[in-house]
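Taking it in order: structure first as structure tokens, then the write-up.
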């Protein structure tokens, strides 16, 4: 039994009276001090961990002013704050021991779009892709591109002056900022916009903080102009943060935003931004060029960049290899074919944009003509990708590159600390050769990719920062890379900001560094905004890369074996792909519904990581505790669990807060399929729940839900009684008291009755082995799940009839537990026993040489994931999904389908199927195409039901919210001429419960087409 745990995050760190003061000044946002929230906000996408005192979630600019007002109280003079955007910074920019101010939860609105002026005004917390989705109908977009665009906030982009692919064409964020609404620490609320001399003179005459700021910045720009030109490199990626070189614009106007963009929250809190918008290019194409050598790709990039292209990106063999094993590869593999010319060890992606098809063709011909002339041993081959959809699919692979580098086995993993250096493009190839030699001498592996047209290189050396011998390498490599970038005329911070790496600022800025100190002092006289970064007063110091706490120092106590045993929870690198705002993206539904970062894969991973650390401090190995629990009958520990559940001393057990975060997980496994690092929340959630409920009592609903597969046959026999409980008001109240709701009713005619009528036999391996080879080849054994069989018998009956239409011999698998419900709720001992028995039966059938076919995607994929974790020996039986089976059999059958030309077919895939089996949708398309029809696969997220999740009272609100976010509009399109199908049982159940619509399974539709 695990002990009671108390996290260091739970200790009060705010000075007494601060929360009360916030209430007094009228702060309307949220205040988070719980250990779990602070644990999640202690990390970003960097190697560091800094525990905040609290997190504030303001609702508007007035709340930011109220924060400043509360902090002006002399009692809180030592309290500091750090603004935070998407939390994906790679250098600890937003990490703080003070208060984190997160605008993403509430300040995420588009305030104005003016298509005529090509201007948008937004709050700081809106996500870039969210803004661009709203701009698309106007033919406009916010241009600076970055790999984290589906979770990066505009405020965060401004704070790091972010940019990425295409920066040579579109520039950085600062190039598109027209105005910034900022709040200073004295409460000043100011719109910063470029000023002519008259407006500047009026502002300089002000006697307040705003006047002082402008006087200081104007003086520096005027007095140090010549020196600034000497110090600042002439780079596309000029030095971010306090950009002295662009205070005076090309038109002569004074622009304070040059200083604010890239200031990383050290000068002001950003409330709103006014942004310049660009027209969406009408035509787009990519030329993907394969090279035998990465250096050859780099050298070639200079030639390609001169061809009037929009951008050139380079990817090395390591990133390419990881991408081939990622979910995105299915959609783009055809653009990167293997060929007889050799293995690709580097790729250049060359983007071509145009206003019309003719212009695009001319530009492409100019590029391909050069390539056709120069195909040699290094430049192997190329392909051309046309159309926005396919181009975006390839760019999506490139965007995932940062996260993919973390998807390796073992504790030595690529980490960010020298990952965004920039040098003049003409020096890049030589610079990279020396960079690689530096890492090779240190004996480190690494992955490389970058914006070669801009001279920016992304490198992540692989380290294990729990090791004493690897920690010093941070300093050694960083110092060497700084010297190397300076040698080649570049900068250390090409696009990811300074953050903890600010210690190198004085070295790069030289005698201009005091100017940065003056600017910091003018904006923030008491050094309370994100102190220690970019510039520090003479009485304080900048942060140092090896003095800020490392994540590895916290992980050391967990140990590598336990880290490996908990499904990448401890290896989450904070890339934040799970913070995707898009409701049609499968990952992560609970975060999308709540906007609470604790309820995301990253959040839950950080909580389990802290939980494992606390267990490690007490010398507890969770694996051994799990074994002990399984050996002991639950009744023997009942008394102890009752006492622990009632004991007031256990109220502050950190495990309770972790369990609360786990309760909202839908166990949809989208994270297991879509997270670049393959963090699998359902897997480590089950392990946590097993141990948690080894100490505390389970809710009654868990016992009901976990036994549902074994009790459903009994319920079917007493159908009237079950329906009385599930379908009447008194019965519903009883179920709600247990914790269950929205239960489906059993149909009048049962599956077993229909099976007997159809004369379908139960499959036994010994009997099947007696069949002839030809007969075996025609046998299909359906491994139907209990839920579909009992609540929707028409679906498995349709599967049987389709098999017979295809001249196949259908059998039914004998009744065995799949065990998914057991696994989801942490009954792992019972799951292993049930699954082992089922696996033996299925393997015997598979060994007999017949096909096994499941029906529900979520249940069927358990045989491929959870079952592979079983300790049974030998290979596991493969249970096909319906479309996999049909794709194989339709191609070898002579069929005459009866298509309905007046009907449209639309498919809503199960989110587990979509995220863990990316080929599934295309297989359904192929099946319908073989039947003379086309099907449109809708881009929807989670329906919100997710097995038993939506049937639990505590989850029903989130469940219905998720359904409304992406499923409801698609379901509403169903009509006599448009057939909307769904592959998941729980999805069809949700649609029927909420909208009263009975969505058919594709097999039901296919049967009618074969009839």
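Numbering (my numbering), first residue to last: 231 to 1241. C-beta: ideal position from N, C-alpha, C; glycine also. Note that the structure is a prediction, hence the values are computed from the model and not measured.
Item	Value
Since residue 1082 and residue 1036 should fall inside the 8 Å C-beta cutoff, what is the C-beta to C-beta distance between them, to a whole number of angstroms?	So it is not a contact: roughly 16 Å between Cβ atoms.
Who are the near neighbours of residue 547 in its chain, counting only those whose CB is closer than 6 Å to its CB and skipping five residues on each side?	575
Can you tell me which of the three DSSP states residue 266 falls into?	helix
Please work out which residues of its chain come closer than 6 Å, Cβ to Cβ, to residue 379, disregarding the five sequence neighbours upstream and downstream, and give them in chain order.	358, 359
DSSP on residue 420, reduced to helix/strand/coil?	strand
With DSSP as the reference, label residue 913 as helix, strand or coil.	helix
Measure the alpha-carbon distance for residue 650 versus residue 402 and round it to whole angstroms.	14 Å
Taking 9 Å as the threshold (C-beta atoms), are residue 678 and residue 549 in contact?	yes
Under three-state DSSP, which class holds residue 888?	helix
Leaving aside the five residues before and after residue 624 along the sequence, list all residues of the same chain whose C-beta is less than 8 Å from its C-beta, in chain order.	516, 518, 562, 565, 579, 615
Would the segment 1128 to 1145 and the segment 1206 to 1216 be scored as touching if the rule is three or more Cβ pairs under 8 Å?	yes
Using a Cβ-Cβ cutoff of less than 7 Å, which residues in the same chain neighbour residue 872 once the five nearest sequence positions on both sides are dropped?	927
Whose C-alpha, out of 1045, 754, 967, is nearest the C-alpha of residue 993?	1045
Cα-Cα, which of 949, 824, 493 is closest to residue 764?	493
Could you say which of 282, 1236, 1177, 418 lies nearest to residue 898 if we only look at CA atoms?	1177
Residue 392: which of 408, 410, 373 sits nearest, CA to CA?	373
Helix, strand or coil: which one does DSSP assign to residue 487?	helix
Is the closest heavy atom of the ligand HEM to the C-beta of residue 886 under 8 Å?	No copy of the ligand HEM appears in this structure; indeed no ligand is present at all.
Does residue 513 come out as helix, strand or coil in the three-state DSSP assignment?	strand
Name the two residues that bound the continuous beta strand (DSSP E) containing residue 945.	No beta strand (DSSP E) contains residue 945, which is instead part of the alpha helix (DSSP H) from 938 to 947.
Mind checking whether residue 949 and residue 978 have CB atoms under 9 Å apart?	yes
What number of angstroms, rounded off, separates the C-alpha of residue 822 from the C-alpha of residue 471?	32 Å
Rounded to a whole number of angstroms, what is the C-alpha to C-alpha distance between residue 1180 and residue 965?	14 Å
Taking Cβ to Cβ, would you say residue 1053 is nearer than 9 Å to residue 912?	yes
Assuming residue 973 and residue 946 form a contact by the criterion Cβ under 8 Å, report the distance between their Cβ atoms to the nearest whole angstrom.	With a Cβ gap of about 14 Å, residue 973 and residue 946 do not count as contacting.
Have a look at residue 1253 and residue 866 and give me their C-alpha separation to the nearest angstrom.	Not covered by the structure: residue 1253. The range shown for the chain is 231 to 1241.
Does residue 824 come out as helix, strand or coil in the three-state DSSP assignment?	helix
At 4 residues or longer, what runs of the alpha helix (DSSP H) sit wholly inside the segment 754 to 794?	781 to 785
Among residues of its own chain, excluding the 5 on either side of residue 841, which ones have a beta-carbon nearer than 8 Å to its beta-carbon?	235, 884, 885, 888, 918
According to DSSP, which residues form a beta bridge with residue 681?	686
Who are the near neighbours of residue 618 in its chain, counting only those whose CB is closer than 6 Å to its CB and skipping five residues on each side?	514
Under 8 Å: do the segment 730 to 746 and the segment 666 to 681 share three or more Cβ pairs, one atom per stretch?	no
Skipping 5 residues on each side, what residues in its chain have a beta carbon closer than 6 Å to that of residue 417?	295, 298, 299
Are the beta-carbon atoms of residue 552 and residue 669 separated by less than 9 Å?	no
Please tell me whether residue 796 and residue 838 are closer than 9 Å, where the distance is taken between their beta carbons.	yes
Can you round the beta-carbon distance between residue 1113 and residue 1154 to whole angstroms, since I take them to be within the 8 Å contact cut?	5 Å
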